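A.B. asks: Please read through the structure below; I'll follow up with questions.
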Amino acid sequence: MAARRKKTTRRSASKPAELIISKARTKASVKKCNVGSEFYGALDKVVREMIKGAEARAIGNKRKTLKAVDL
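Just so you know, we're using my numbering here: the sequence shown kicks off at -12 and counts up by one.
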């Protein structure tokens, strides 16, 4: 009898990162419009880019603490 092949599990190409922003708080802060499902991902991306830029600025200024001025 032939040996059985081991089943391999499929993994997605990239696991989506956990959102930094809160969907509930974002939706609650919007008063006059509805919020589309793709908005949360786009907002999260912008926030991550802002944080990355702030980190680069703080490191450039030889600091390890992010400050409001870094934004």
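Ideal Cβ placement from N, Cα and C applies to all residues, glycine included. Keep in mind the model is a prediction, meaning the values are calculated, not measured.
#1: Give me the residue from Arg(-8), Lys51 and Ile8 with the minimum Cα distance to Gly28.
#2: Which value, in whole angstroms, describes the spacing of the CA atoms of Arg35 and Arg(-9)?
#3: Rounded to whole angstroms, what's the CA-CA distance from Thr13 to Arg50? Just pull it up for me.
#4: Whose C-beta lies closer than 6 Å to the C-beta of Gly40 among residues of the same chain, with five residues either side of it excluded?
#5: If you run the structure through DSSP and keep just helix, strand and coil, what is Glu5?
C.D. replies: Reading from the atomic positions:
#1: Position 41 of the sequence shown, counted from the start, is the residue given in the question as residue 28. Answer by Cα proximity: Ile8.
#2: Within the sequence shown, numbered from 1, the residue matching residue 35 stands at position 48. Within the sequence shown, numbered from 1, the residue matching residue -9 stands at position 4. In this model, Arg35 and Arg(-9) are separated by some 46 Å (Cα to Cα).
#3: For the purposes of this step, residue 13 is identified with residue 26 of the sequence shown, where counting begins at 1. For the purposes of this step, residue 50 is identified with residue 63 of the sequence shown, where counting begins at 1. Pairing Thr13 with Arg50, the inter-Cα distance amounts to about 31 Å.
#4: In the sequence shown, the residue the question calls residue 40 occupies position 53. In its chain, beyond the 5 residues on either side, no residue has a beta carbon closer than 6 Å to the beta carbon of Gly40.
#5: Locating residue 5 in the sequence shown gives position 18, counting from the first residue. DSSP places Glu5 in coil when its eight states are reduced to three.
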